[in-house]
Amino acid sequence: CTGLFVGPYCQWKNPCHTGPVPRCQNAGTCAVTQVSPHSPPGFSCQCPLGFTASLCEIPISNACDSKPCQNGGTCWLHNIKEHRCNCAPGFTGMHITILYHRFNTIFLLM
């Protein structure tokens, strides 16, 4: 079968391919379920960390909600309760509060 059809005889439209917009939201992964010659298939979404519900459309409260990464840093979830900050160039520290100076002087930003 091509990716657009599923089933033993490719007789069913793939429920994961519904058009230009992905079936599962927020980068969720769609999987076809219940493939048989007698009934149309279903689908399920595997949600990324931080999202839930049948289409991954509902955010879960997590460690990045409080915006702990400062000065242009990006928050990445390790799990729902733990995060890691990716610093913008020139910054460092657990919450990106330390500015590097080009002459090896370090300033603590408050």
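Residue 70 in UniProt numbering sits at position 70 of the sequence shown, and the numbers go up by one each step. Each residue gets a CB set at the ideal place from its N, CA and C atoms; glycine is no exception. These figures come from a predicted structure and were not determined experimentally.
Compute the Euclidean distance between the alpha carbons of residue 92 and residue 78, then round it to the nearest angstrom.
-> The residue you call residue 92 lines up with position 92 of the sequence shown. The residue you call residue 78 lines up with position 78 of the sequence shown. Cα-Cα distance, rounded: 18 Å.
By Cβ distance below 6 Å, which residues in the same chain neighbour residue 29 in space, the five residues on each side in sequence not counted?
-> Position 29 of the sequence shown, counted from the start, is the residue given in the question as residue 29. Hits under 6 Å: 46.
Is the stretch 55 to 74 touching the stretch 21 to 40 in the sense that three or more CB pairs, one from each, lie closer than 8 Å?
-> yes
Beta carbon of residue 8, beta carbon of residue 32: below 9 Å?
-> On the sequence shown, residue 8 is found 8 positions in, with the first residue counted as 1. On the sequence shown, residue 32 is found 32 positions in, with the first residue counted as 1. The answer is no: Cβ separation not under 9 Å.
Kindly indicate which three-state DSSP category residue 4 falls into: helix, strand or coil?
-> For the purposes of this step, residue 4 is taken as residue 4 along the sequence shown, with counting starting at 1. Of the three classes helix, strand and coil, the one that applies to residue 4 here is coil, per DSSP.
Any idea if residue 87 is buried or exposed, counting beta-carbon neighbours within 10 angstroms, 16 or more meaning buried?
-> Position 87 of the sequence shown, counted from the first residue, corresponds to residue 87. Classification for residue 87: buried.
Would the C-beta of residue 44 count as close to the ligand ZN, meaning under 8 Å from any of its heavy atoms?
-> The model on display carries no ligand, and the ligand ZN is accordingly not part of it.
Among the residues of its own chain, which have a CB less than 7 Å from the CB of residue 43, if the five just before and after it don't count?
-> On the sequence shown, residue 43 is found 43 positions in, with the first residue counted as 1. Result list for residue 43: 15, 16, 23, 30, 31, 32 and 33, in chain order.
Taking Cβ to Cβ, would you say residue 13 is nearer than 9 Å to residue 21?
-> Here residue 13 corresponds to residue number 13 of the sequence shown, with the count starting at 1. Here residue 21 corresponds to residue number 21 of the sequence shown, with the count starting at 1. Cβ atoms of residue 13 and residue 21: not closer than 9 Å.
Can you have a look at residue 3 and say buried or exposed, based on whether 16 or more other CB atoms are within 10 angstroms of its CB?
-> Position 3 of the sequence shown, counted from the start, is the residue given in the question as residue 3. Per the 10 Å Cβ criterion, exposed.
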